[in-house]
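In what follows, a single structure is set out as structure tokens and then discussed.
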Amino acid sequence: MKTCVAIFGLALVAPMYGNAHPQHGGGVHQRFHITTHGPAVSSLSVSSAAIESSPVAVVGGGTPTSSAVISPSSGQSITSPHSNDTTSTSNSTSPLAASIAGLGLSPECYRPNGVPMGWLPDGVNITTIQSQVDSLHGPCTYGNYAQITSATSMSGAALQMDTQAMPSSLKGAIYIIALQPYIPFSEVSASAVVASMNKILAEGSQTIWLRLAHEVNWYIDTNTINTDPTVKYHGTTEEYKAMWQAVAKGVDRSRVKMFWSLIPPFQPGDTVDTMDAEWFPGSEYVDIVGLDAYGEILSGEQATFELMMGAFCAKYPQIPVALGETGWLQGGTTAQKEYWLGQVSSKETLKVCPQYIGFSWFEYMKDGDYRIVMGSDGNIAKSVLAAAS
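Per UniProt numbering: the sequence shown = residues 1 to 389.
Structure representation (structure tokens):
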């Protein structure tokens, strides 16, 4: 099921993806297991042996912004996105603390175990989903997808606002827009994107997290593993960075936060360091970093939050980190979804990633049933999160 919104010619619709991600229709894309993870690891890597032994379906994304390096052993405190808790990481007046405080997260939004939680709904009103889990608090984020199909169309007629994005229905939830350029990076009109964001803000959204060209390392046309010809990004890494920087310079950064979002390393030789060198547009142009990381079986064991996010978080210790999309890969069993929801919402996440600011659950029926509220397994989320404090 799709929702469709025109944003100055940007087609805002439910995922129009290929086979690379669960949100995409059709088949399932393959990625290779990451061979090394963990907060002490500065570079994830994929070995050629992993290609032969364990290909799996993929998903991933990320973003960064901030300064000031922090470390779990610093012995100072920082105001955490986890409710009003404090965590032993860095001084509360540090640039990182200021970055987190300025992201627009409502203190009243839903935070199981203190971890901000939001949704990517599959055509279902997000308030319906949230009320099944906690009727007293609104979601922290609401996610949707958009495509830039031509440069000229972005100067089109008035916006038709998606009512789900209105603060009145979301109680102040942050609107996360994954904006996919289907035209070459060099042809994207930064001014048209800026005008679109301004229009959404004028219609009522308080804050936008913009995932511009999200998962670029998967959708770029030089990635031959993505075999869907209809879903490709076009251009060089330099053109990508120039596009990103132009948009970042134009938007109101007090209300539009630039969310740099990739998928985890999936090709031989890939590491968080190589992804950074190839795609990171510069810390002054990024407010959040993150991955679209999904639970899965790795080396015969269920992946952990630390395994999937540790090295990435260690790479960007001074920038807020979020899971742009998450769930269990290809839907999974009830037990697997329960397990992964527990992983991403655990109090232990801050020990692995002190700058972790939450996650958006992929509440979709696609190549599998990713849903934890409206799915065939019933309301998994309520039962798992009921004990959260």
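The beta carbon of each residue, even a glycine, is placed where N, CA and C say it ideally should be.
Taking the Cβ atom as the reference point for each residue, do residue i and residue j lie within a distance shorter than 8 Å?
i           : j    : result
G143        : G104 : no
V286        : W260 : yes
V373        : V115 : no
Y240        : W209 : no
E296        : L120 : no
V194        : G250 : yes
residue 391 : M275 : It is not possible to answer for residue 391, since the shown part of the chain is limited to 1 through 389.
I258        : V188 : First, the residue type needs correcting, since residue 258 is Met and not Ile in the sequence shown. Not a contact, by the Cβ cut-off of 8 Å.
E352        : E306 : Note on residue identity: the sequence assigns Val, not Glu, to residue 352. Their beta carbons are under 8 Å apart, which means V352 touches E306 by this criterion.
A213        : Q180 : yes
Y145        : A178 : yes
T149        : I174 : no
I357        : A322 : yes
Going by other Cβ atoms of all chains shown within 10 Å of its Cβ, with 16 needed for buried, is residue i buried or exposed?
i    : result
G123 : exposed
K337 : buried
G324 : buried
N125 : exposed
S205 : buried
D221 : exposed
E284 : exposed
S94  : buried
A335 : exposed
Could you tell me the distance, in whole angstroms, from the CA atom of residue i to the CA atom of residue j?
i           : j    : result
G368        : G331 : 4 Å
G290        : C140 : 16 Å
S71         : Q318 : Annotation note: pLDDT 25 at S71 (below 50); position unreliable, no value reported.
residue 444 : Q343 : This structure cannot settle anything about residue 444, because the visible part of the chain is limited to 1 through 389.
A98         : P229 : 42 Å
T89         : Q355 : Note that T89 has pLDDT 40, beneath the 50 cutoff, so the model's placement of it is unreliable and the number below is only indicative. Going from the Cα of T89 to the Cα of Q355 covers about 9 Å.
Y339        : Y294 : 12 Å
W328        : I183 : 31 Å
A387        : N113 : 9 Å
Q304        : T127 : In the sequence as displayed, the identity of residue 304 is Thr instead of Gln. Their backbone Cα atoms lie some 29 Å apart in a straight line.
K315        : E215 : 18 Å
T326        : I225 : 21 Å
V384        : L341 : 8 Å
residue 391 : I176 : A query on residue 391 cannot be resolved here, the shown segment of the chain reaching from 1 to 389 and no further.
F266        : L298 : 13 Å
G269        : E238 : 21 Å
L350        : W361 : 18 Å
residue 390 : N198 : As shown, the chain starts at 1 and ends at 389. That puts residue 390 outside it, with no answer to give.
Could you spell out the range, first to last residue, of the beta strand (DSSP E) harbouring residue i?
i    : result
G358 : 356 to 363
V344 : Careful: V344 lies outside any beta strand (DSSP E), inside the alpha helix (DSSP H) at 334 to 344.
S261 : 256 to 262
G324 : 321 to 326
A173 : That residue, A173, is in no beta strand (DSSP E); it is neither H nor E in DSSP.
M117 : 117 to 121
Assuming residue i is part of the alpha helix (DSSP H), what are its boundary residues?
i    : result
L385 : 380 to 385
I148 : Taken as a continuous stretch (DSSP letters only), I148 belongs to no alpha helix (DSSP H), being part of the beta strand (DSSP E) at 141 to 148.
L329 : That residue, L329, is in no alpha helix (DSSP H); it is neither H nor E in DSSP.
L350 : 349 to 352
Q130 : 126 to 133
A314 : 305 to 315
S99  : 95 to 101
State yes or no: is the C-beta of residue i nearer than 7 Å to some heavy atom of the ligand FMN?
i    : result
N379 : Inclusion of the ligand FMN in the displayed structure is not the case, the ligand content being empty and no account of it being possible.
Original post:
Can you list, in chain order, the stretches of the beta strand (DSSP E) that have 3 or more residues and sit fully within the stretch 272 to 301?
Top reply: 288 to 292, all fully within the stretch 272 to 301.
Original post:
Taking the runs of the beta strand (DSSP E) that are 3 residues or longer, which of them lie wholly in the stretch 173 to 230?
Top reply: Here the runs fully enclosed are 174 to 181, 208 to 212.
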